[in-house]
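Residue numbers (the working numbering), protein chains in the order written: chain A, 1066 to 1758; chain B, 1066 to 1758.
Quick reminder that beta carbons are idealized off the backbone N, C-alpha and C, glycines included.
Source: prediction; values computed, not measured.
See structure below.
There are 2 protein chains.
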Amino acid sequence: MLDSLFRPRSVAVIGASTKDLSIGNRVIKNLIDFGFTGAVYPVNPSADEVRGIKAYKSILDCPDDIDVVHMVIPAKFVPQAVEDCGQKGVKHIIINSGGFSETGSEGAAIEKDFLARAQRYGIRILGPNCQGIINSDAAIRAYCNFTFTKPDPGFISIVALSGGVAEVVHQAFAQMGVGTRIYASNGNAVDVSIPEILRYLGDDDGTRVIVTYVEGLRDPANFMRTAAAVAARKPILAMKAGRTREGAKAAASHTGGLAKEDIATDLIFKKAGILSFRDEGHLIQAAAAFATQPIPKGNRVGIITNTGGPAVIATDVLVGAGCTLPLLSETTRAFLKATLYPEASVGNPVDVLATGTAQHYRACMDVMMQDDSFDCVFINFVTPFFVDNESIAREIVAVNQQRRKPMVCNLMTDKQQWSGVVNILRDGGVPCYPLPGEAARAMAALVQYHVLRSREKEAVQRFSDVKPDKARKIVDKARSTGRNSLAAAEVYGILDAYRIPVAKWRLAATPAEAAAAAAKIGFPVVVKADAASVVHKSDMGGVALNLSSASAVRNAVAQMRKAIIAPDLRFFVQKYLPDGLELIMGAKAEEGLGHAVVFGLGGIYVEVMQDVVFNLTPVSATEAREMLAAIKGAPLLQGVRGQKGVDQDRLTGILQRLSQLLTDLPEIQEMDLNPIKAFADKVFVVDARISIK
Amino acid sequence: MLDSLFRPRSVAVIGASTKDLSIGNRVIKNLIDFGFTGAVYPVNPSADEVRGIKAYKSILDCPDDIDVVHMVIPAKFVPQAVEDCGQKGVKHIIINSGGFSETGSEGAAIEKDFLARAQRYGIRILGPNCQGIINSDAAIRAYCNFTFTKPDPGFISIVALSGGVAEVVHQAFAQMGVGTRIYASNGNAVDVSIPEILRYLGDDDGTRVIVTYVEGLRDPANFMRTAAAVAARKPILAMKAGRTREGAKAAASHTGGLAKEDIATDLIFKKAGILSFRDEGHLIQAAAAFATQPIPKGNRVGIITNTGGPAVIATDVLVGAGCTLPLLSETTRAFLKATLYPEASVGNPVDVLATGTAQHYRACMDVMMQDDSFDCVFINFVTPFFVDNESIAREIVAVNQQRRKPMVCNLMTDKQQWSGVVNILRDGGVPCYPLPGEAARAMAALVQYHVLRSREKEAVQRFSDVKPDKARKIVDKARSTGRNSLAAAEVYGILDAYRIPVAKWRLAATPAEAAAAAAKIGFPVVVKADAASVVHKSDMGGVALNLSSASAVRNAVAQMRKAIIAPDLRFFVQKYLPDGLELIMGAKAEEGLGHAVVFGLGGIYVEVMQDVVFNLTPVSATEAREMLAAIKGAPLLQGVRGQKGVDQDRLTGILQRLSQLLTDLPEIQEMDLNPIKAFADKVFVVDARISIK
C-alpha cells in the first residue's frame, strides 16, 4: 500500500520555487543531489523551470503518472490542490506545509476538508506539517524531504511523528558513519500513521532494525498490535520522551496534545517486544550494532583488549547490564599463553597489550568464536603508532564477516590520523564506538533483545473454574443503580466468582449477628462498618482490628453504631490475619488497551519505597512470574534470613485470574487488592475496592 | 616543584631512535610536530642525528641544562642512566619503558634501585611504565609523550595513572573540538603522584577544570586531603571504574593490584567535593561545559529551542537531574509574544520555531540572562537551510561572552555542511553537543557542582560531655587480653561513654538476678545469653524476646543455662521495645581514612532493599542531616500516613557522636548498631557489636 510512497517512480512538487531558501526549492535540490532515480516535476504557475528542470503550470499538465506529490503551498490552497491531484490520479501526497490542526480550529477545518477529498480519490496523505520520507535504496534514492542529512545506504530505518528528534537521530547515524535505509516523519499524521509505516518497514527486506521515538501514542491498541507483529520479525528500538511532568507539558505544547504522564507507553513497548531506551544516545549506539550484528544466543561476553583501563570500564558496564564474563578454559588459556606475548593477560578480558599484533587479536577472536562458553565478543582497540593497526582492523572485519556471534568494537583512535583503520572497520560492518561504555551498552542492548525475544510466547491461560456470569450480574446491577463504587460484598462476590481467595468474611446487621459470624469465621476477626454512604470508614471509627472474643466483637459493633449513622449500615466481619507478607495488586483501565495491572509489596515501608511493577492485561503465566521476580523485594517472596517464602504459584495464579476478570469486565476503572496477605502455602485478599464506569 | 616537568625548557631522550615505529623516535617527532618551544636532545650512542636533530652519545655530552629526560631503554639500563642524569643535574625523568614492578620481583628490584639513585640526586621521576605529559600552553608546547592526540589549547587538564583511559578521554575532547591544557599519565607512579599533580594543576592558572580517572587510590588520605584543597578552588571531575566485582578483577589484572570492590573512593570523592561520574561520556561532556562556563547560582533553567521533540528530551533530563524550569513572567511573555513569530510558544521551553531568526534567539537569551528567575540557559539549535544560522550562532556567542549565566547548546547539525556555524560556536566558547540529552546532562553537572560547592562548610562538632578515657580503657583492656570482639557490656560501656543512648540493660548471673534486673528495668524485657565463647547466641536458643513477667525471665534463663554450657555464661537483660522505627548505623575502618559510617533503615524489608547511605568520618552536623535525608525511606523518618516521624535531631546527634567515638578509637575495625529503635522523642540502640584490631 505504501510502496509507491517509499519507492516512488515520479515526484511532483506543487509549490516548486525558484527561491534557493524555500522548501519548494529545497525538496527538488535534495531529490537531485541524492540521485533520485525517478522523474521530478516542479509545478509552478509562473516559472518555466526550477533548478534546471522543466516546470509545469499545474499538476494536471505533468506528462506522467505521479506517485508522490509534495505540497509546499499555503494551507488554504491545499484542498483545491488535493482535488487536482485526485483528477490526475496521484497516489500519495506529502504535505510539508503547516497551518492546519496544529494552529487551531480554522486550520483543523481545512485539514478535514482536504482529507475528505483525498479519501474520495483514494489518495494517501503523509502529514501535513511534516518533513516527508527518505529512501536510500540504490534503486530509488528518494529524498522527499527538506532536511539536510544525506545518509549512506544502510539497514536502519527511522520513523517518528517528531521530525526534530528523527532528524537528530538521523544526523547522529550520519556522523557515526552508519548508514540508514528509510526515514519517515509524518507530522500531524492525519492519514498514514506510525503503525502503518511500522508495518511497511517490517515488510521491507532492506530494513534490519527500526528506530522510533514517541511522546505519546495516538492509537495505543493499534500501535501495540502492529508493533508486536513487526517486532516478532525484526528489532524495534524505541524511546519515549515526556516522562517527567515538565517534559509531558513541553510535549503537549509542541504537539497541541494534552499533557499527561503515562506509564502505558512503557508497558506497550514491553508487551510488544520493543526494546525501550531512556537515552537517545544509547538508542542510537544500540541501533548501530543491530544494523550489522546477529542477535546473541546468551549473555556471556568475551573481551579482547590492548589497553587496561578501558576494559575495566567495559567490564563494569557489561556486568552492570546483566552480562557475564566467563573464564577461558584451561586449554584456551594454554593456547593463548603460547600465542600472545608472555606479559599478555589471558583472563577475561584478554589483554594482548598495546604491542599486540593482528595475529594476536585473530587468535583471541577465533578462540572466542569457537568456544561455546561465549555468546558475544567485545573488542577494545586503541591504535598505537608502533603496530600495524590496519592489519588488526582487517582481522576484526574477517571474523565479523563470519557472522557467528555479535561483535562490537571500542575503537580508540584519531579518526583523521587513522582514517584507514576507521574505513576498514566501517566498510567491514563492525559497529565502532569511541568510548568503552558506549560500545558496552550497545552490546548489552543486543543481549537484552535476546532476552526479550526468547521470552516464552505462550497463550494466556483462561481458567474454566470461574463464574463470569455471577460477576457480570454484580457489575450490571451496580451500573443499573448508577453507582461507580462497589460495596465490599459485591467486590468479594466478584473475586469469589474468579476464585481469587479472600480472607473469610460474613455480613452482619447487629452486634449479635456479628458475634455469631465471628465465631463461625474463627477468632481473631476484624469488623468494618459497611455502607455505601460511608467513604472514610477508618476515619470515623468504622474499623476494629484483632478482635479475639465474641464480646469484643459485640462492643465494637455497638460503638460503630453510635459513631456512624447510616440507614444501610451493616458490619463486615472478616478473619484477622496479623502475620503474612503484605502485598498489593491493582488495576487501572487504559483506554483501548484493557487494563494496566500492578503488583508490589504492601505496607508502609513499601508505600515509601514504591516497589511495584506494572503490566498490561492479558497477563500470561510467564508474565505473572516475571512480575513477581521484577520487584526489588523479590527475595522476600522467596524467603530470606531463614524465613519461609510465600506461595508464589498461587500469586501468579491470582494475577492471571485478576487479568481474566479484568478482560471479562472492561467496565472496571480501578481496582485495588490491598492488602493481600501471603503465606507459605496460602494467599488471601484482605481488603479490596472496585470502581466502575 | 613540578614546574620544570610541565614547563620544560629542554628535553633529552635517552634511547632516541632512528627507527620510525619506536617510542624513542616518536617522542622526538611529537615534540617537533607539536612545536615544542624548548630544546630537544636525542641521546643515542651510535646515531649522529635523529629526525634531523643532532644526537649525543651520552646525556653528559648534552650542551645544556636538562629539565626533562625521557628514558626509552630496557629496564636493566635505567639505574645507570639515572646515575648519569644525576651527574648531569637533570631535574625530571619520564620513564616510558616498562619492565619494572608491574612485571614481578626482578623488575621491582630495579625500580627500587633507580628510585634510590634518583632520590640521592633530587631527581623527580614520572612513571615508570607511563605515557608522560603534554602541555598545550603556547609558551611551552611540550608533547613529552608517545600518544597520538594533538590537542588544541584549552582549559581542561587530565590526570590519571591509566594511560588507556586518559588517552580515550583526551581523544574525545579532540574529536569534540574541545581543547585541553595539561595531560599527565604517570603509570607505576613510584615518585610523582596523582595528588602531587593535582596540586600542581590546582595552582596552574590555565587549568579551569581537572579531569581524573581512578580504579583505586594508592594513598587515599593524601588524595582526599589534596583533592579537597584543590576542589575548593576549581572543579575536579572524576570517574572511578572497577565498580563491579568483575571490573575490580579486571583492574587488578592490569595494575597488578588486589581485586577489591570499594565504597571508599566514592566517599572520598564526595568528602573532597569532587564531582563523581559513572559514565566516561557524561564526564567528558560535563568537562566541556566546565571549561568555558561559569558555575550557576542555582538550578533554574530556561530552555530556548527551534524544534519541539529535542526540547522535550532536554526537559526530561534536566528535571530528572534536579533542575527546575521556571515560568516566564507575564511581562516577559508579553514581550516575547510581540517579538517572536505569532505561532511561537512562549513557555519554558520557549519554541522560536524552525523559522526563528537570530533576533528571536537573542531576545529570548537576553530575557533569560536578565531575569533573576533563571540561573542557566539551555539552547536547542537545529540548523534549517532556510534561516541564517551563522547569525544565530553569532548571537549565541555574543551572549555567551557576557559570562553572566552558564549556557550549553544542543547543536543539531551536519558538521560538514554547517562548518561555519560549528566554528563560530566553538571559537566563541559555547559548549556544543549533538544530542539534547548530552547537553542537558552537561548543564545538570554544572548545577550539581553548584550544589556541591555551596554545601555548608562547617567545623565538625566535638562533644565535651563524653568520657573518652572510659572508652579507651575498655578497648585497651580487651586488646591486652588479645580479644578482637568486645562483650556486650564493653560495647554498651563505650556507647555510654559517648552518650549514645542504649535501651536499659543489666547483667545477671542467675535466674533470680535476671528477674530482679528485669523488675528494675521494667517489663517487657529481652534476655540474651552473653559469653565470649558463644558467637551464635540466637541459633543456640540464647535469645528470649518480649518477656513480660519475672517468672518468664527466670524460666528463660534456666532454659538457656541448659542449652548453653560456658564457664563465663552471663545473662544480658534489656528493655524490650516492640515498637519504633528500626534503623541501623555501623562503621568499618578504611585504611588511612578513618572509618566509613553507614546509616539506613533496619529490618528485614530493608535488608532486601539495601536502603543505606555511607559517609567518612569525621561526620559534621550537615553531613549527618544529609545522610538522614539521602535514604529512600527518608519519608519514614519524617512521618507518613499520619504517623509521627522520629527524632531526627537526636539521630544526627548520634551519628556525630559515633563519628567522634570512631575518631578517638581508631582500633575499631567494625561496629554495628543494629537495630536502633527510633521514636518521636527518643532513640535507643537495642543491639550493638564492636570488633577491634
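heavy atom of the ligand SAM below 8 Å from residue i C-beta
i: residue 1724 of chain A; result: The ligand SAM is not among the ligands present in this structure, which contains no ligands whatsoever.
Residue range of the beta strand (DSSP E) that includes residue i
i: residue 1208 of chain A; result: 1207-1210
i: residue 1127 of chain B; result: Note, residue 1127 of chain B: premise wrong, no beta strand (DSSP E); not H, not E.
i: residue 1265 of chain B; result: Residue 1265 of chain B -> not in any beta strand (DSSP E); alpha helix (DSSP H) instead, spanning 1259-1268.
i: residue 1637 of chain A; result: 1635-1640
i: residue 1450 of chain B; result: Segment: none, residue 1450 of chain B is in no beta strand (DSSP E) and carries neither H nor E.
i: residue 1238 of chain A; result: Segment 1228-1241 is the alpha helix (DSSP H) holding residue 1238 of chain A; no beta strand (DSSP E) there.
i: residue 1653 of chain B; result: 1646-1655
Interface flag, residue i vs chain A, CB-CB below 9 Å
i: residue 1310 of chain B; result: yes
i: residue 1357 of chain B; result: no
i: residue 1677 of chain B; result: no
i: residue 1789 of chain B; result: Outside the modelled stretch of chain B, which goes from 1066 to 1758, sits residue 1789 of chain B, for which no answer is possible.
i: residue 1546 of chain B; result: no
i: residue 1171 of chain B; result: no
N- and C-terminal bounds of the alpha helix (DSSP H) containing residue i
i: residue 1251 of chain A; result: Segment: none, residue 1251 of chain A is in no alpha helix (DSSP H) and carries neither H nor E.
i: residue 1459 of chain B; result: 1454-1465
i: residue 1029 of chain B; result: One cannot answer for residue 1029 of chain B here, as it falls past the ends of chain B, which runs 1066 to 1758.
i: residue 1333 of chain B; result: 1329-1337
Residue i at chain B interface by Cβ criterion, 9 Å
i: residue 1278 of chain A; result: yes
i: residue 1087 of chain A; result: yes
i: residue 1456 of chain A; result: no
i: residue 1553 of chain A; result: no
7 Å Cβ cut-off: residues of chain B touching residue i
i: residue 1496 of chain A; result: Chain B residues near residue 1496 of chain A: none, gap ~16 Å exceeds 7 Å.
i: residue 1390 of chain A; result: 1311
Closer than 8 Å at the beta carbon, the chain B residues around residue i
i: residue 1700 of chain A; result: 1673
i: residue 1477 of chain A; result: 1229, 1232, 1233, 1236
i: residue 1742 of chain A; result: None at all; the shortest Cβ gap to chain B is about 15 Å.
i: residue 1697 of chain A; result: 1673, 1674
Interface partners of residue i on chain A, CB under 9 Å
i: residue 1764 of chain B; result: Within the shown structure, residues of chain B are numbered from 1066 to 1758, placing residue 1764 of chain B beyond reach of any answer.
Option in the options with minimal Cα separation from residue i
i: residue 1569 of chain A; options: A/1526, A/1588, A/1578, A/1137; result: A/1588
i: residue 1239 of chain B; options: B/1102, B/1510, B/1681, B/1214; result: B/1214
i: residue 1329 of chain A; options: A/1107, A/1282, A/1274; result: A/1282
i: residue 1086 of chain B; options: B/1638, B/1142, B/1211, B/1375; result: B/1211
i: residue 1684 of chain B; options: B/1663, B/1700, B/1696; result: B/1663
i: residue 1722 of chain A; options: A/1561, A/1080, A/1710; result: A/1561
i: residue 1291 of chain A; options: A/1270, A/1262, A/1436, A/1346; result: A/1262
Residue i: contacting residues in chain A (beta-carbon distance under 8 Å)
i: residue 1237 of chain B; result: 1499, 1500
i: residue 1214 of chain B; result: 1479
i: residue 1450 of chain B; result: 1086, 1091, 1211, 1213
i: residue 1345 of chain B; result: 1378, 1500, 1501, 1502
Chain-ordered chain A contacts of residue i [CB-CB under 7 Å]
i: residue 1135 of chain B; result: Near residue 1135 of chain B there are no residues of chain A at all, since even the closest Cβ is about 15 Å away, more than 7 Å.
i: residue 1408 of chain B; result: 1168
i: residue 1375 of chain B; result: 1229, 1230, 1233
i: residue 1316 of chain B; result: 1377
i: residue 1414 of chain B; result: 1315
Contact list for residue i against chain B, beta-carbon separation under 9 Å
i: residue 1334 of chain A; result: The premise fails here: residue 1334 of chain A is roughly 16 Å from chain B at the closest Cβ pair, so nothing lies under 9 Å.
i: residue 1425 of chain A; result: Chain B residues near residue 1425 of chain A: none, gap ~16 Å exceeds 9 Å.
C-beta neighbour in chain C for residue i, strict 9 Å
i: residue 1368 of chain A; result: Among the protein chains in the structure shown, which are A and B, there is no chain C.
Check your understanding: On the three-pair Cβ rule with 8 Å, is the stretch 1502-1509 of chain B touching the stretch 1372-1382 of chain B?
Key -> yes
Review point. Between the stretch 1336-1349 of chain B and the stretch 1389-1398 of chain A, do at least 3 Cβ pairs fall closer than 8 Å?
Key: no
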